[in-house]
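K.L.:
Just so we're aligned: 107 in full-length UniProt numbering is position 107 of the sequence shown, and the numbers increase by one with no gaps anywhere.
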Amino acid sequence: MILGLHHVQITIPKGSENEGKDFYCRLLGLPEMEKPDSLKGRGGFWLKVGDRDVHVGTEDGVDRSKTKAHLAYQVDDISTWRNVLEKHNIQILEGIPIPGFERFEFRDPFGNRVEMIQAV
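Okay, structure coming up:
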């Protein structure tokens, strides 16, 4: 069962973090969150939107099959989802570890990046 939406990611051009923060944090008033140490060197920044997060990543030359933009579905049994997807010949991609969560990624049939995530 999918429980809800954990976070979404959007992207901005590389090197435009200051302009991104001007818009999202200062103009829109969204508070910035500290990223986990394991992800700090990758650029971008994270925002808090109510009880959800928006991750603002950086990339140039966007191509749907290569974009970092994705949805993350919060699930209650990540192993079941992994098995379901593998049975349908969906390639599972391991993500960079984030403390307190188990997760994996995959591409939908159109090349969009999707994440399944479960708190541990």
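For glycine and all other residues, C-beta sits at the position ideal for the given N, C-alpha and C.
Since we're looking at a predicted model, the values are computed, not measured.
#1: Counting only runs that start and end within the segment 2 to 48, where is the beta strand (DSSP E) found for 3 or more residues in a row?
#2: If you pair each beta-carbon of the segment 47 to 63 with each one of the segment 26 to 37, do three or more pairs fall below 8 Å?
#3: Among D63, I10, E115 and V62, whose alpha-carbon lies nearest the alpha-carbon of I90?
#4: I'd like the list of long-range same chain contacts for I2, defined as Cβ closer than 8 Å, with 5 residues on each side in sequence excluded.
#5: Per DSSP, what are the beta-bridge partners of G57 in this structure?
#6: Would you mind listing the alpha helix (DSSP H) stretches within the segment 57 to 81 that are 4+ residues and don't spill past its ends, in chain order?
#7: Quick check: the Cα distance between G111 and P97, rounded to an integer number of angstroms?
#8: Using three-state DSSP, classify E94 as helix, strand or coil.
#9: Short check: CB of K68 to CB of R107, under 8 Å?
P.N.:
Judging by the given coordinates:
#1: Look at the segment 2 to 48 and you find these whole runs of beta strand (DSSP E), each 3 residues long or longer: 2 to 12.
#2: The count of Cβ pairs closer than 8 Å, one atom from the segment 47 to 63 and one from the segment 26 to 37, reaches three, so the stretches are in contact.
#3: If you compare the alpha carbons of D63, I10, E115 and V62 with that of I90, the shortest gap goes to E115.
#4: Take I2, set aside five residues on each side of it, and the residues of its chain with a beta-carbon closer than 8 Å to its own are Y73, Q74 and V75, in chain order.
#5: BP columns for G57 point to T11.
#6: Listed in chain order, nothing qualifies, since the segment 57 to 81 has no complete alpha helix (DSSP H) run of 4 or more residues.
#7: Roughly 22 Å separates the two Cα atoms.
#8: Judged by DSSP in its simplified three-state form, E94 adopts coil rather than helix or strand.
#9: No, they are not a contact pair.
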